[in-house]
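Notes follow once the structure below has been shown.
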Amino acid sequence: MTSNVFVHPTANVSPQAHIGTGTKVWINVQIREEAHIGAGCILSKDVYVDHSVKIGDRCKIQNSVSVYHGVEIGNDVFVGPNVVFTNDRVPRAFNADWKITSTRIAHGASLGANCTIVCGVTVGEYAMVAAGSVVTRDVPPYTLVMGNPARAVAKVDKAGNRLPAGEPQ
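Under my numbering, the residue at position 75 of the sequence shown is numbered 64, and the numbers go up by one with no gaps.
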């Protein structure tokens, strides 16, 4: 672990985890071995980071999010409370052929509260996923998606503002 990292006394951080300078790890967070968390991140109450997960710099992961093995989060990503990531397309309690399906959240993306990101998708740069949405396929960069299943409804700029139809980012 790097210097200048705040770890709340109730957090459980593996000595084999890599945590960047200035990151804050709050109440009841668990970070597993070989997880890589960038600099300047905030991991809020009850966050779980599975082994070998990669989280970029300046990410904010809010309460009660589990980031499972196979998920990679880029820099400057916002993950709202209770976001759900999956990592298995055919979940079974016991499966000898179990395989992780990777998921990628690109630089600057924003995931709204209670959305579900089904494994195997990429959420593009600066894309926004509306609260409660279920993402079942790739989200293009600078796109706002919403619904179940999530569908594109608008283009957005880097700040998340909707753009008029046809306007470049």
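Cβ coordinates follow ideal geometry from the N, Cα and C atoms, glycine included.
Item: Tell me the rounded alpha-carbon separation between Pro130 and Arg151.; Value: 13 Å
Item: Can at least three beta-carbon pairs, one atom from the segment 98 to 113 and one from the segment 64 to 75, be found at a separation below 8 Å?; Value: yes
Item: Count the other CB atoms, across all protein chains shown, that sit within 10 Å of the CB of Asp146; report buried if there are 16 or more and exposed otherwise.; Value: exposed
Item: Candidates His40, Ile62, His58: which alpha carbon is nearest Ile50's?; Value: Ile62
Item: Which word fits Thr12, buried or exposed, when buried means at least 16 other C-beta atoms lie within 10 angstroms of its C-beta?; Value: buried
Item: Would you kindly work out how many angstroms separate the C-alpha atoms of Pro4 and Asn(-7), rounded to a whole number?; Value: 16 Å
Item: Straight-line CA distance for Ala148 to Tyr115?; Value: 8 Å
Item: Can you tell me whether Phe67 is helix, strand or coil according to DSSP?; Value: strand
Item: Looking at the strands, I want to know which residues DSSP matches up with Asn1.; Value: Gln19
Item: I think Thr90 touches Cys108, with their Cβ atoms under 8 Å apart; what is that distance to the nearest whole Å?; Value: 4 Å
Item: Should Gly9 be labelled buried (16 or more other beta-carbon atoms within 10 Å of its own) or exposed?; Value: buried
Item: Given 8 Å as the limit, is there contact between the segment 115 to 128 and the segment 74 to 85, that is, 3 or more CB pairs closer than that?; Value: no
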